[in-house]
Amino acid sequence: MTDQTEYVPPKIWTWDKESGGRFANINRPVAGPTHDKDLPVGKHPLQLYSLGTPNGVKVTVLLEELLAAGHDGAEYDAWLINIGEGDQFSSGYVAANPNSKIPVLVDRSGAEPIRVFESGAILIHLAEKFGAFLPTDTAKRAETLSWLMWQMGSAPFLGGGFGHFYAYAPTKQEYPINRYAMEVKRQLDVLDRRLAESEYIAGTDYTIADMAIWPWYGALVKGLVYDAGEFLQVQEYRNVIRWTDQLAERPAVKRGRMVNRVMGDPASQLRERHDASDFDLRTQDKLEAATAAE
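In my numbering, each residue carries its 1-based index in the sequence shown increased by 401.
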């Protein structure tokens with residue numbers, strides 16, 4: 402192993418505000434709001450507050466799939482929450498999600514608003530609300546929810562584990578990188594074996610399990626996250642790549658991936674979504690061109 406000075410934990414942990422690498426400015430050991438600010442509310446029954454990270458993309462893909470399937474009640478406003486600037490610590494956001502993570506959904510379609518936080522909970526809420534993308538057959542439902550919970554439990558090892566130590570930590574350390582690289586490759590093998598026997602994650606049907614897993618592991622096998630494609634030899638997982646490419650061609654998936662996106666090609670970024678026409682009229686490239694023309 403690389404020669405490193407061994408870290409000896411102190412008897413009592415204290416917060417070093419400079420620790421945490423790239424995300425040091427938003428990490429803290431306490432919960433609650435840091436400033437007063439209400440959440441905006443748009444015209445639609447569903448109000449989403451999010452960012453185009455994998456956890457955010459799960460929900461916007463489902464909303465766009467519901468709309469594509471003809472569920473008009475799934476119209477939504479998607480408001481950008483810039484976690485790098487601490488938007489998730491506003492009083493309004495903490496009231497909607499006491500955990501201060503994205504995304505959060507406020508369902509205003511009934512007599513009283515309902516808050517739903519944690520991306521998996523949002524997927525289940527919407528799937529049950531509209532009776533779509535979650536089978537009602539007992540065995541198929543159990544399989545779908547099992548894979549959804551697999552993603553919720555597995556992705557922290559990918560993002561907070563491998564991604565953090567490989568791409569974002571202030572210093573590279575052999576032990577944590579090896580530890581989490583091994584686990585991520587094991588997870589990819591789990592998916593690859595499953596998709597060798599099944600068209601979709603939960604079986605023959607496209608479900609919220611696919612929508613949850615695709616933004617994380619689909620991007621990984623295409624070499625789009627952490628610059629780790631070669632390191633992890635992602636081309637080995639041919640069945641995951643087949644499934645990833647298949648989902649990427651769905652029009653609703655393409656739209657969902659654009660919502661609340663702040664990275665990449667400006668034409669792929671729809672930072673806020675308030676109407677279906679926004680995909681044609683308000684992508685970042687068009688907004689920047691209009692501003693330049695003024």
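All residues carry an ideal CB built from backbone N, CA and C; glycine is no exception.
ask   = If Q685 sits next to W617, beta carbons under 8 Å apart, how far is it from one beta carbon to the other, in whole angstroms?
value = Not a contact, Cβ separation roughly 24 Å.
inquiry  = Considering only the alpha carbon of each residue, which of N661, G562 and H675 lies closest to I484?
reply    = N661
ask   = Beta-carbon separation of D488 and H675 under 8 Å?
value = no
ask   = Leaving out the 5 sequence neighbours to the left and right, which residues in its chain are closer than 6 Å to Y627 when beta-carbon positions are compared?
value = G564, Y567 and A568
key: Exposure label - L625; buried when at least 16 CB within 10 Å   = exposed
message = Suppose the cutoff is 7 Å on Cβ atoms and the five residues either side in sequence are ignored; what does the same chain contact list for T645 look like?
response = W615, G619, V622 and K623
inquiry  = Along the chain, where does the alpha helix (DSSP H) containing Q448 start, and where does it finish?
reply    = Unbroken run through Q448 is the beta strand (DSSP E), L447 to S451; no alpha helix (DSSP H).
query = Taking the runs of the alpha helix (DSSP H) that are 4 residues or longer, which of them lie wholly in the region 571-625?
reply = 575-598 and 609-614
query = Under the three-state reduction of DSSP, which class applies to I413: helix, strand or coil?
reply = coil
query = Quick check: the region 633-653 against the region 595-613, are there 3 or more CB pairs under 8 Å?
reply = yes
query = In chain order, what residues of the same chain have a beta carbon less than 8 Å from the beta carbon of M402, not counting five sequence neighbours either side?
reply = Residue placement at M402 is poorly supported in this model, since its pLDDT is 46, which falls under 50; the coordinates still yield a value, given next. Contacts found: E575 and Y576.
Environment of Q634 [buried if 16+ CB atoms lie within 10 Å] = exposed
request  = Kindly indicate the opening and closing residues of the alpha helix (DSSP H) around A528.
outcome  = S520 to F531
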